[in-house]
Structures are given as structure tokens and as C-alpha cells.
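Some notes on the structure that comes next.
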Amino acid sequence: MKNEMIAKVLKEARKQNALSVKEVVGRLQDKSINVSIKTIYGWENGQSQPTADTLLFLCEIYNINDILGTFGYNNKTALQITHFEEELILHIRQHPDMLDAIKKLVDME
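Note that our numbering has the sequence shown beginning at 1341, numbered continuously upward.
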């Protein structure tokens, strides 16, 4: 069964860790997993998916600890967000120093 979140999470996690696709290929090769740059892009675009073992290594590389939760496999109902909300989250992540101000603005304190 294909999980569309895998592509999205892998691409975002790689970017959050400031890794190039070439660097990811190198780190996987260090673990005896031989893939091409094209393969990584295929995973990130949802054209294919890594094996379970490779996904675990990618999670290690990307510092993903809550693997099931990160990829949407938990007991909670998945939260559906709009494109705007997704963009907002990405921008907030780029400015962690502003979190206190954002919390105050939206009355989260």
C-alpha cells in the first residue's frame, strides 16, 4: 500500500537537514545501500518508495525519531491542512526565534 506522505516527508526532512541529494546518496552508500540521485528524486516525487530497511536508514540520516507518527501511522486522526496552512508552517519553521511572538499573536500562551 502506497503512502503519499512518504514522498512529502522525505523531501522536507532532507531540506530541513540541509542535505543535498548527492549527500544522501553518499550516506546511504556508507550503509551499503547503493542508490542513484535519480532514485532519491523518485522517492521524493512519489514515483517510487524506498524499501522498509532503506526508509529506516533515511529516518536515521534525517533525525526522524517518531517514524510511525511522522509518516501518518498513529492512532490519531490525520489532520488535514490547507496549502496556505502548510506554507505558514514552513515559514514559521524558518524563523524559530519568532515562536514566542507567534504564540502571543494567536493566543496560545
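Note that beta-carbon positions come from the ideal geometry of N, C-alpha and C, so glycine has one too. Computed from a prediction, not measured in an experiment: that's the story for all the values here.
Looking at C-alpha atoms only, which residue of the options is the closest neighbour of residue i?
i, options, result
"A1392", "E1449, N1343, Q1434, Q1356", "N1343"
"N1385", "L1368, A1441, L1350", "L1350"
"S1388", "M1448, L1439, K1348, Q1434", "K1348"
"G1382", "Q1434, D1447, V1446, V1361", "V1361"
"G1366", "K1444, Q1356, I1377, M1438", "I1377"
"Q1356", "H1435, T1379, L1395, F1424", "H1435"
Report back the beta-carbon spacing between residue i and residue j to the nearest angstrom; my notes put them in contact at under 8 Å.
i, j, result
"F1317", "I1346", "Beyond the ends of the chain as shown, which are 1341 and 1449, falls residue 1317; an answer cannot be given."
I'd like to know whether the C-beta atoms of residue i and residue j end up nearer to each other than 8 Å.
i, j, result
"I1432", "I1421", "no"
Taking only beta-carbon atoms, is residue i less than 8 Å away from chain C?
i, result
"Q1420", "This model lacks chain C altogether; it includes just one protein chain."
When you compare the stretch 1373–1380 with the stretch 1399–1411, are there three or more beta-carbon pairs, one atom per stretch, that lie closer than 8 Å?
No contact exists between the stretch 1373–1380 and the stretch 1399–1411.
Can you list the alpha helix (DSSP H) stretches of 4 or more residues lying completely in the stretch 1373–1419, in chain order?
If we require 4 residues or more, the alpha helix (DSSP H) runs fully inside the stretch 1373–1419 come out as 1377–1384, 1392–1401, 1407–1410.
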